[in-house]
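Peer 1: Here our numbering is used: the first residue of the sequence shown is 215, the next is one more, and so on.
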Amino acid sequence: MVVFVMTIDITGQKFGRLVAIERHGRAKNGNALWLCQCCCGNTTIVESYGLRHGTTRSCGCLRSETSSQAIKTNKKTAINIGNKNNLWTADGVPVSSISLSKRNHSGVTGVTYLVDTDSWQARMMVKGRYVLLKSFATFQEAVTARKIVEQQYFGSNLQQNMTEKNPFNL
Ligand SMILES: [Zn+2]
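1) Should R360 go down as buried or exposed, given a rule of 16 or more other Cβ atoms within 10 Å for buried?
2) Which residues end up in the neighbourhood of ligand 1 when you take C-beta atoms closer than 5 Å to any of its heavy atoms?
3) Please report the distance separating the alpha-carbon of E236 from that of C252.
4) Within 10 Å of its beta-carbon, does T221 have 16 or more other beta-carbons around it, so buried, or fewer, so exposed?
5) Nearest by alpha-carbon distance to A351: which of D332, E364, Y367 and Q365 is it?
6) Checking 8 Å against the spacing of the C-beta atoms, do Y327 and W334 come in under that value?
7) Quick one: using the 10 Å Cβ neighbour count with 16 as the cut-off for buried, is G324 buried or exposed?
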């Protein structure tokens, strides 16, 4: 006797941020799997059950956005993030004394204090790609890493390149 498991065709249907593209076999539990395109650009393979029941609504980007949104809207957290007086560098220097820009807590371009992990992140983007994205325990380490990469990529043309080619000021 053959048992037919009914498969509902959801090709092209939208579920939150996902659009079902094609069937992608079956999960071990028997649920149909679907390849979906997320509106963020990612593709993901999920169970149709989760799609049809509204528990799967993105490739995962929705959840991470929601949690960062929660941080912004949580008053206590927002106050702590906004108040530079609460931040101190590893050397014991209050961040407020070295802050130059409202957009970044450190005052050094490309170096940002991460409240969540109590670390300093050095970043540098060249032509839309991060050539440096790393966290350090101390402010000094992050600044040094950033300076080294700056030298590698820009050398003496740093100022010109930063203003003309990097509108994000990273
Ligand atoms: Zn997504």
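Positions of the beta carbon are idealized from the N, C-alpha and C atoms, including for glycine.
All of these numbers come straight from a predicted model, not from anything done at the bench.
Peer 2: According to the data block:
1) Reading the sequence shown from its first residue, position 146 is the one you call residue 360. Buried, because 16 or more other Cβ atoms sit within 10 Å of the Cβ of R360.
2) Working through the chain, the matches are C252, C254, N256, S272, C273 and C275.
3) As a working mapping, residue 236 is identified with position 22 in the sequence shown. As a working mapping, residue 252 is identified with position 38 in the sequence shown. In a straight line, the C-alpha of E236 is about 13 Å away from that of C252.
4) Along the sequence shown, one-based indexing puts residue 221 at 7. Counting Cβ neighbours within 10 Å, T221 comes out exposed, since fewer than 16 surround it.
5) For this step, residue 351 is matched to residue 137 along the sequence shown. Answer by Cα proximity: D332.
6) Within the sequence shown, residue 327 is the residue found at index 113, counting from 1. Within the sequence shown, residue 334 is the residue found at index 120, counting from 1. It is a contact, given that the beta carbons lie within the stated cut-off.
7) The sequence position of residue 324 within the sequence shown is 110, counting from 1. Label assigned to G324: buried.
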